[in-house]
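Asker: Quick note on the numbering used here: the sequence shown kicks off at 15 and runs consecutively. Glycine included, each C-beta is placed from N, C-alpha and C at the ideal position.
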Amino acid sequence: MSSVENVMTNDDLDELTAMLQSLDEPVKKAAQVENTDDIDDLLLGLDAGVAMSSDDVAKELFNEEKAGDFSSALNELELAHEPINVINAESVESAENEPEQLGLIEVEECVDVNDELKVQQSNDSNTNKKARTARGPRFTLSDKDDSFFNKAGLETDIFLDAYENAPVKAKDKILNLLNWFSGGPDISVYTVISMRHLLTEKKATSNSIKIALMSNPEKPYPLNTASTQAGQMMAVFPATGVAVRDGGNLTLNEESPIVKKFVAEYTIG
């Protein structure tokens, strides 16, 4: 019984396969017919759009020549043949060179701008240098009267005598101190350190001032510099009334207007 069922099953499969194949054939034929129709349509369209052959054109021109009218033949030639654009070699070269020329122009403009900036910076630098080097009139004693010295707490004759006997470098510091007192620039750093030492200790010697300069926390000065500056201060302070000198000792004059101005404007300590 099972063998019969198997045989029937195989037959059924064969019949089903045959039926499917028979169904495929009309579809393939229809597709082939469709493709053939499409190809025919394309060929017809191409035939309709194909331009006249050269022989036909020549014949038509010959006929038109006899009739004396070439317009229709020329129109057909224009329609049959598309125009060809001819590129001028010179225009191509100029177009290729144009970016380079533009680049050169841009570079030249940049160079010009840089030159102008350099000139302007040079002028500004020169102006700044002139402003830095420009100074007011030099401070001198020749135009000072008794009122000036009295304001500083000095007697004119005593001061001038002390000034004339002071060392050259000490004279410069005396003038600097009086100029600052009358509203001029700051006094020297050596004078500031020495004044602070004198204000703190109330007394000072050449050796103590030297040690103060050598032990300055912001900038310790070497022995030779400290010794030279300390010797000058031993002449500066008595001449300006900052201290009273007795031999090698200096005693602070707290009533000196110069000392009071220094205390008001400089930090002590």
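According to DSSP, what are the bridge partners of residue 260?
Answerer: Beta-bridge pairing links residue 260 to 263.
Asker: Suppose contacts are defined by Cβ-Cβ distances below 8 Å. Is residue 255 in contact with residue 219 by that definition?
Answerer: For residue 255 and residue 219, no; Cβs fall outside 8 Å.
Asker: Among 266, 216, 247 and 258, which residue has its Cα nearest to the Cα of residue 188?
Answerer: 247
Asker: Only counting the same chain, and skipping five residues up and downstream in sequence, which positions put a Cβ closer than 7 Å to that of residue 275?
Answerer: 195
Asker: If you draw a straight line from the C-alpha of residue 229 to the C-alpha of residue 211, how long is it?
Answerer: Their Cα atoms are separated by approximately 11 Å.
Asker: For the alpha helix (DSSP H) holding residue 253, just list the boundary residues, first then last.
Answerer: 237-253
Asker: Measure the alpha-carbon distance for residue 217 versus residue 158 and round it to whole angstroms.
Answerer: The C-alpha of residue 158 is placed about 30 Å away from the C-alpha of residue 217.
Asker: Jot down the residue ranges of each uninterrupted alpha helix (DSSP H) in the segment 176-228, minimum 4 residues, whole runs only, in chain order.
Answerer: 182-195, 203-215 and 220-228
Asker: Since residue 267 and residue 258 are thought to touch, with beta carbons under 8 Å apart, how far apart are those beta carbons, to the nearest angstrom?
Answerer: 6 Å
Asker: Do you know how far the Cα of residue 176 is from the Cα of residue 155?
Answerer: Roughly 13 Å separates the two Cα atoms.
Asker: Could you check the C-alpha separation between residue 168 and residue 280 for me, to the nearest Å?
Answerer: 22 Å
Asker: Give every residue of the same chain whose Cβ lies closer than 7 Å to the Cβ of residue 173, excluding the five residues on either side of it in the sequence, and list them in chain order.
Answerer: 163 and 253
Asker: Between which two residues does the alpha helix (DSSP H) harbouring residue 153 extend?
Answerer: No alpha helix (DSSP H) holds residue 153; DSSP gives it neither H nor E.
Asker: Do residue 191 and residue 201 have their CB atoms nearer than 8 Å?
Answerer: yes
Asker: If we count the other Cβ atoms within 10 Å of its Cβ and call it buried at 16 or more, is residue 214 buried or exposed?
Answerer: exposed
Asker: Are residue 243 and residue 227 closer than 8 Å when you measure CB to CB?
Answerer: Using a Cβ distance threshold of 8 Å, residue 243 and residue 227 count as a contacting pair.
Asker: What would DSSP say about residue 233, mapped onto helix, strand or coil?
Answerer: coil
Asker: For residue 198 versus residue 251, is the C-beta spacing smaller than 8 Å?
Answerer: no
Asker: Classify residue 278 as helix, strand or coil using the three-state DSSP reduction.
Answerer: helix
Asker: Compute the Euclidean distance between the alpha carbons of residue 203 and residue 249, then round it to the nearest angstrom.
Answerer: 17 Å
Asker: Identify the continuous alpha helix (DSSP H) that holds residue 160 and give its terminal residues.
Answerer: Per DSSP, residue 160 is one residue of the alpha helix (DSSP H) stretching across 160-165.
Asker: Hey, how far is the Cα of residue 118 from the Cα of residue 232?
Answerer: With a pLDDT of only 49 at residue 118, under 50, the local geometry of the prediction cannot be trusted, and the value read off the model is given with reservation. Straight-line measurement puts the Cα of residue 232 at about 57 Å from the Cα of residue 118.
Asker: With a threshold of 16 other CB atoms inside 10 Å of the CB of residue 182, please say whether the residue is buried or exposed.
Answerer: exposed
Asker: Can you say whether residue 121 is buried or exposed, counting buried as having 16 or more other CB atoms within 10 angstroms of its CB?
Answerer: The predicted position of residue 121 is uncertain, since its pLDDT is 49 and thus under 50; no value can be drawn from it.
Asker: Could you check if residue 165 is buried or exposed, using at least 16 other CB atoms within 10 Å of its CB as the buried criterion?
Answerer: exposed
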